[in-house]
Amino acid sequence: MTVSAEGMSQAAPEKKNVIKLVVATSLGNALEWFDISVYAYFAVYLSKAFFPTDDPTTSLLLTFGTFGLTFLARPIGGVLLGAYADRHGRKASLLLSIAMMTFGTLAVACMPTFEKIGVLAPLLVIVARLVQGFSAGGEFGSSTAFLVEHMPGRRGFVASWQFASQGISSLLGSGFGLLLSSILTETELQTWGWRIPFLFGVLIGPVGLYIRSNIEDATAPPAGKHDRPVRNVFMEQKFPVLLAVGALAVSTAVNYLIIYMPTYVVKTLHLPPTIGYLAAFAAAIAAITLNPVAGLISDRVGRTPYLITVGVALLFAIFPLFLLLASKPSGAIIVLAVLLLGSLKALYLGALAALMSELFPASTRATGLGLSYNIGVTVFGGMGPAIVTWLGTFALIGDLAPGYYLTAICVFSLWALITIRRTRADRHA
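In the numbering used here, the protein residues as written are 1 to 429.
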C-alpha cells in the first residue's frame, strides 16, 4: 500500500495542529495547577509571611483556610465562564480565564508581607486567590470541551492532556521545592525564596494568551439566542452532574492528598521536607507519562469498562498503602507509596475528562463540565485535608484516616461509573 505525497502533506499539518491545540488548552490548566501546587508546597513559608501568629499551627491553618476559600469561587466560575463559553465560543472563555489566572498569580508573587502592610496583606491574598479560583473554575470546562470537539474520534487521548498538564505543573512545583530547599537557607526561603515559583508561574500567562489568540475555534457552535445553558444544566441535567461529580471524586481526593504530602511529612511525621517534595515529584512523573496512555486505551476499549477496572484496583490498593505508611513512615516507603497511588490515579484520570464531556450535549457542555468538575474538586479535593485531619482525631482511626477516607470515596466513584454504564448516561458521546 502506498501513501501519496498529498496524503503525507495533509497528515503533517494535522499532527502539527493537534499539538498546537493540546498546548494551547493545556497551558491554562497547567498555570492553574502550578499555582495550586506551589501554594500548598510552600504553605509553611506563606503562613509566616501573610498569616503570622504566636502559634505556627494556627498560621498554617489560616494559610490552608485561604487555600480552601479559593474553592468556594470555583463552582461560580465554572458556571459563569462555562455559560460564557457555551454562548460566545470556547476560545473567548479560554482567553478570559488565563488572563484572570495570570493576574491573580502576579498579585500573590508581588504581595507585600504582613510585616510591611499589616492586615491588608492577608486580605489582598484572599482577594487574589478568589480571582484565581473563579478563573480556574471556568478553565476545565471550556478547555475540555474545546479539545473533544476538535477531535471527536480521539476524545480520550486529547482530553487526557488536561490532567497530564497537571502532572507537569506538579513536577515543576515540587521541583522548585526540591531545588530551593537545597540551595537556599531557611531565612532566604522565608524572606524572598518562596516568591520565585510564583514569578515563574506569571511567565506562563503571556505565552498561553499568545498561543490561544492564534488558534482557530472550530468547536461546537455557540448556544442559540434563546438557549439558557445554566438553566438547562440546573433544571434538566442534575443527574449527569451528580454522576460526573461521583466519577471525579476519588481521583481528585487522591490528587489533593498528594499535594498535601510535603506539609504532612513535616508537620505529622517530623521528617525533612525534601522527602515530601520527592514523593510529589515521583507522582507527577507518573501523571505525565500515564495519563495519555490511559486516554488511548479508553478510546479503544471504552470509557466505563476501563475506568471501572482501574477504580477497583484503586479500591483494593488504597488501604494497604496507607497501612504501610502508618506502620513504617520512612522516606523510601513514603516515596514508594505515593508513587504507586499517583500511578493508579493517573491511569484513572487519563480517561476521565472524555467521559465527563460525554455526559453533556454540546450546547451545555462547558457549563456542565465546569459545574460538575468544580463541585467535585471543592468537596472531595479542597476539603480533603481538613476532613482527614478531623477523622484523625478519632482514636479508632488515627493515622489511617486517609485510608478510610479514600476507600469510602472510591466506593462512591465506582457507584457513579457503574450507573453511567448501566443507564448509558454518556449517550451524547
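Backbone N, C-alpha and C define an ideal beta-carbon position, used for all residues, glycine too.
Please read all numbers here as calculations on a predicted model, not as lab measurements.
{"query": "Cβ-heavy atom distance, residue 238 to the ligand GDP, below 7 angstroms", "result": "Ligands displayed in this structure: none; no statement on the ligand GDP is therefore possible."}
{"query": "Stretch pair the segment 68 to 75 + the segment 127 to 145: three plus CB contacts closer than 8 angstroms", "result": "yes"}
{"query": "Extent of the continuous alpha helix (DSSP H) run through residue 149", "result": "120 to 150"}
{"query": "Collapsed DSSP secondary structure at residue 236 in the structure displayed", "result": "helix"}
{"query": "Which of helix, strand or coil DSSP assigns to residue 70", "result": "helix"}
{"query": "Test item: CB-CB of residue 45 and residue 166 under 8 angstroms", "result": "no"}
{"query": "Nearest-angstrom beta carbon gap, residue 341 and residue 411 [assumed within contact, 8 angstroms]", "result": "Not quite, the Cβ-Cβ distance comes to about 17 angstroms (not below 8 angstroms), so this is no contact."}
{"query": "Three-state class that DSSP yields for residue 215 in the structure shown", "result": "coil"}
{"query": "Cβ separation of residue 78 and residue 373, assumed to be a contact under 8 angstroms, to the nearest whole Å", "result": "6 angstroms"}
{"query": "Nearest neighbour of residue 321, chosen from 312, 310 and 334 [CA to CA]", "result": "334"}
{"query": "Boundaries (first-last residue) of the alpha helix (DSSP H) holding residue 48", "result": "43 to 50"}
{"query": "Of the listed residues 366, 119 and 353, nearest to residue 158 (C-alpha basis)", "result": "353"}
{"query": "Backbone secondary structure at residue 345 - three-state DSSP", "result": "helix"}
{"query": "DSSP-derived helix/strand/coil call for residue 416", "result": "helix"}
{"query": "Length of the line joining the Cα atoms of residue 84 and residue 186", "result": "45 angstroms"}
{"query": "Residue 194 versus residue 402: straight-line alpha-carbon distance, rounded", "result": "28 angstroms"}
{"query": "Pick from 203, 318, 161 and 81 that is closest to residue 288, judged by C-alpha positions", "result": "161"}
{"query": "Between the CA atoms of residue 231 and residue 292 - distance to the nearest angstrom", "result": "34 angstroms"}
{"query": "Contact under 8 angstroms by Cβ, residue 416 with residue 243", "result": "yes"}
{"query": "Residues of its chain near residue 430, where Cβ-Cβ distance is below 8 angstroms and the 5 sequence neighbours each way are ignored", "result": "As shown, the chain starts at 1 and ends at 429. That puts residue 430 outside it, with no answer to give."}
{"query": "Straight-line Cα distance separating residue 146 from residue 314", "result": "30 angstroms"}
{"query": "Exposure label - residue 111; buried when at least 16 CB within 10 Å", "result": "buried"}
{"query": "Short Cβ contact (8 angstroms threshold) for residue 252 with residue 350", "result": "no"}
{"query": "Residue from 126, 305 and 139 whose Cα sits closest to the Cα of residue 31", "result": "139"}
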